[in-house]
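Chemist: Before we start, here is the structure in question, set down as structure tokens.
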Ligand code: NDP
């Protein structure tokens, strides 16, 4: 079978003689089970889908690079941030959170902003959102929270009662839901939104000094959002609007970029800072910790194959490189486990060796076997440690995680701060203008108007009242209800 032209084969490489007509007994059939090419096609087709992500199912991805523009080496020994001008290839996946794989892009929802840096010291994943905070601050609440965002167990419909029941009983969500119902709840495109690491992370420098860090990717395209009416229309007419926009922009060489900035808190400040720096429902006000530029991320290459690159991309907040570590943030701590675990279920124990996930630096360990071990599985090399083979991979003590002093009892305890109000208050009163406030109130009322479960609206109005009495009164007026009487002046 030589020659220039490609010939069709089965998965095992045998040439296929007929790909249009199945083998039948006689002209009219029935079809014969000996048509192994037909059997293979149908069987493989049945297995084309991997389980969709429970959250962030609908996404779009792109390749690009990150370039350091400011020297931050006194704060971190991370090699990919070590010198101005250093470039690192990266891949990003944007997503919505609550909808399924085929759901509309232009819904009100946070957007995932997951970046994989292929550094010379392994992959560093920054798995953030387009919001600087999150709805909850302890991972133990996450499955319940997501159940309220997905479908009702009986009706299989989205369930506003569940959403507002949970939020009204979880006042730590107030900050995030204020952002979500603001104009930024529906970005114009993936290119026109900021990204945030959201959690606090730790940077460690060459001298072993630690700094707490918040990441901010500021869009160089400017923040732009969609009007609700336009978004609703697009959700029907072009549910893949954001996916299409990103692909077309890159295909047209209109490469989107973001400037990465960080807030830097010396480790000692964390003890007495006015907010718990590990509470992911809080930001660090810029006046306390100003933004420091780090570099620029440019997206300049579309995926060749959506499934191989975007669907199989596996990000984990637990993918660190030397010089970047976790903080004690209880939400982050849960995510350190949950993400890689989701991928082990979704695409298997060996998902790290798929081309999109494989580190560009050497990967040497003693993990072996498992489904779809396709990269030689370590060949004939030994599979245990410690060992007495000099050429087998050895640990590098200089890369140990930095020590962190802890005290107290092992116990299930809430956060020691119940101020869920001052930061959404700052956003409502000081950051938003009159028009933005009016749209926020309208969006809250539109979303809450479907709530029928007794007591939920009243409880949420009480929460709003603690943010700002004006917010509670204006939402109540739009809902045609009274604010609870004990809140009236
Ligand atoms: P600043 O005035 O310094 O910053 C306000 C921030 O709010 C800016 O980063 C701005 O982003 C961002 N912003 C504007 N509109 C919205 C919106 N609808 N949703 C989310 N963010 C928005 O104030 P502070 O740092 O003192 O923070 C005040 C409040 O601003 C916070 O309580 C928080 O709600 C919000 N915020 C603060 C951030 C922080 O890290 N400090 C980050 C994001 C929001 P941009 O400049 O890109 O337009």
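In my numbering, the protein residues as written are 20 to 508.
Where a beta carbon is used, it is the ideal one built from N, C-alpha and C, also for glycine.
(1) Measure how close the beta-carbons of residue 152 and residue 302 come, nearest whole angstrom, since I'm counting them as under 8 Å.
(2) Does chain C have any CB closer than 8 Å to the CB of residue 122?
(3) So what does DSSP say about residue 356, is it helix, strand or coil?
(4) Check residue 413 in the structure and name its three-state DSSP category.
(5) What is the residue span of the alpha helix (DSSP H) that residue 466 lies within?
(6) Sorted by chain position, which residues of the same chain lie with C-beta nearer than 6 Å to residue 133's C-beta, five sequence neighbours on each side aside?
(7) Could you tell me the alpha carbon to alpha carbon distance between residue 180 and residue 43, rounded to whole angstroms?
(8) Tell me where the beta strand (DSSP E) around residue 510 begins and ends.
(9) Kindly examine ligand 2 and report whether one of its heavy atoms sits closer than 7 Å to the Cβ of residue 303.
(10) Can you look up residue 292 in the DSSP assignment and give me helix, strand or coil?
(11) For my contact list, residue 161 and residue 185 are in at a C-beta cut-off of 8 Å; report their separation, rounded to the angstrom.
(12) State the Cα-Cα distance for the pair residue 355 and residue 45, rounded to the nearest angstrom.
(13) Using a Cβ-Cβ cutoff of less than 7 Å, which residues in the same chain neighbour residue 268 once the five nearest sequence positions on both sides are dropped?
(14) Looking at C-alpha atoms only, which residue of 228, 128, 444, 290 is the closest neighbour of residue 425?
(15) What did DSSP end up calling residue 262 once you bin it into helix, strand or coil?
(16) Enumerate, from N- to C-terminal direction, the unbroken beta strand (DSSP E) stretches of 3 or more residues contained entirely within the stretch 42-90.
(17) Could you tell me whether any non-hydrogen atom of ligand 1 is closer than 7 Å to the CB of residue 205?
(18) Hey, out of 379, 115, 226, whose CA is closest to residue 108's CA?
(19) Going by other Cβ atoms of all chains shown within 10 Å of its Cβ, with 16 needed for buried, is residue 450 buried or exposed?
(20) Quick check: does the Cβ of residue 217 come within less than 7 Å of any heavy atom belonging to ligand 1?
(21) Check whether the stretch 197-214 touches the stretch 94-103, taking contact to mean three or more Cβ pairs, one atom from each stretch, closer than 8 Å.
(22) Within its chain, find whatever has a CB closer than 6 Å to the CB of residue 322; leave out the 5 residues flanking it on each side and keep chain order.
(23) What first and last residue would you give for the alpha helix (DSSP H) that runs through residue 481?
(24) Going by other Cβ atoms of all chains shown within 10 Å of its Cβ, with 16 needed for buried, is residue 510 buried or exposed?
(25) Given the structure, does residue 501 come close to ligand 1, in the sense that its CB is under 7 Å from one of the ligand's heavy atoms?
(26) Counting only the same chain and skipping the five closest in sequence on each side, list residues whose C-beta sits under 8 Å from that of residue 110.
(27) Measuring only from the beta carbon, is residue 436 closer than 7 Å to any heavy atom that is part of ligand 1?
(28) May I ask which residues mark the beginning and end of the beta strand (DSSP E) holding residue 343?
(29) When you compare only the Cα positions, how much space is there between residue 389 and residue 363?
Modeler: Let me lay it out:
(1) To locate residue 152, count along the chain shown from 1; it is residue 133. To locate residue 302, count along the chain shown from 1; it is residue 283. About 6 Å separates the beta carbon of residue 152 from that of residue 302, a gap short enough to meet the 8 Å contact definition.
(2) Checking the listed chains, one finds no chain C in this structure; it contains a single protein chain.
(3) Along the chain shown, one-based indexing puts residue 356 at 337. Correct three-state label for residue 356: helix.
(4) For this step, residue 413 is matched to residue 394 along the chain shown. Three-state DSSP puts residue 413 in coil, outside helix and strand.
(5) As a first step, residue 466 is located in the chain shown; it is residue number 447 there, counting from the start. Unbroken alpha helix (DSSP H) run through residue 466: 453-467.
(6) As a first step, residue 133 is located in the chain shown; it is residue number 114 there, counting from the start. Within its own chain, the residues whose Cβ lies closer than 6 Å to the Cβ of residue 133, once the five positions on either side in sequence are excluded, are 112, 146, 334, listed in chain order.
(7) Counted from its first residue, the chain shown places residue 180 at position 161. Counted from its first residue, the chain shown places residue 43 at position 24. Residue 43 has its alpha-carbon roughly 56 Å from the corresponding atom of residue 180.
(8) It is not possible to answer for residue 510, since the shown part of the chain is limited to 20 through 508.
(9) Although ligand 2 was asked about, the structure shown includes only ligand 1 as ligands.
(10) Taking the first residue of the chain shown as position 1, residue 292 is located at position 273. In the three-state scheme derived from DSSP, where H, G and I count as helix and E and B as strand, residue 292 is classed as coil.
(11) Walking along the chain shown from the start, residue 161 turns up at place 142. Walking along the chain shown from the start, residue 185 turns up at place 166. Residue 161 to residue 185, Cβ: 12 Å. No contact.
(12) As a first step, residue 355 is located in the chain shown; it is residue number 336 there, counting from the start. As a first step, residue 45 is located in the chain shown; it is residue number 26 there, counting from the start. Near 60 Å, if we compare the C-alpha coordinates of residue 45 and residue 355.
(13) Here residue 268 is taken as the residue at index 249 of the chain shown, counted from 1. Result list for residue 268: 210, 275, in chain order.
(14) Locating residue 425 in the chain shown gives position 406, counting from the first residue. Distances from the CA of residue 425 to each of 228, 128, 444, 290 were compared; the closest alpha carbon is that of 290.
(15) Locating residue 262 in the chain shown gives position 243, where the first residue counts as 1. Looking at residue 262 - three-state DSSP - the assignment turns out to be helix.
(16) Fully enclosed beta strand (DSSP E) runs of no fewer than 3 residues occupy 78-87 of the stretch 42-90, in order along the chain.
(17) On the chain shown, residue 205 is found 186 positions in, with the first residue counted as 1. No, the Cβ of residue 205 stays beyond 7 Å of every heavy atom of ligand 1.
(18) The residue labelled residue 108 in the question sits at position 89 within the chain shown. Selection 379, 115, 226 evaluated against residue 108 yields 379 as nearest (Cα-Cα).
(19) Position 431 of the chain shown holds residue 450. Exposure of residue 450 is indicated by the presence of fewer than 16 other C-beta atoms within 10 angstroms of its C-beta.
(20) Position 198 of the chain shown, counting from 1, holds the residue named residue 217. No.
(21) Taking one beta carbon from each stretch, the stretch 197-214 and the stretch 94-103 have fewer than 3 pairs nearer than 8 Å; the two do not touch.
(22) As a position in the chain shown, residue 322 is number 303, starting the count at 1. Excluding positions up to five away in sequence, the list reads 80, 328, 329.
(23) Translated into positions along the chain shown, residue 481 becomes position 462. Residues 475-486.
(24) Because the chain here runs from 20 to 508, residue 510 falls outside it and cannot be looked at.
(25) Counting from 1 along the chain shown, the entry for residue 501 is found at position 482. Result no, Cβ not under 7 Å from ligand 1.
(26) Sequence index remark: in the chain shown, residue 110 carries index 91 (1-based). Within the same chain, residue 110 has close Cβ partners 80, 81, 82, 83, 134, 135, 137, 328, 332, 375.
(27) Translated into positions along the chain shown, residue 436 becomes position 417. Incorrect: residue 436 has no Cβ contact closer than 7 Å to ligand 1.
(28) Residue 343 sits at position 324 when you count from the first residue of the chain shown. For residue 343, the uninterrupted beta strand (DSSP E) segment begins and ends at 343-345.
(29) Within the chain shown, the letter at position 370 stands for residue 389. Within the chain shown, the letter at position 344 stands for residue 363. Distance between the alpha carbons of residue 389 and residue 363 is about 10 Å.
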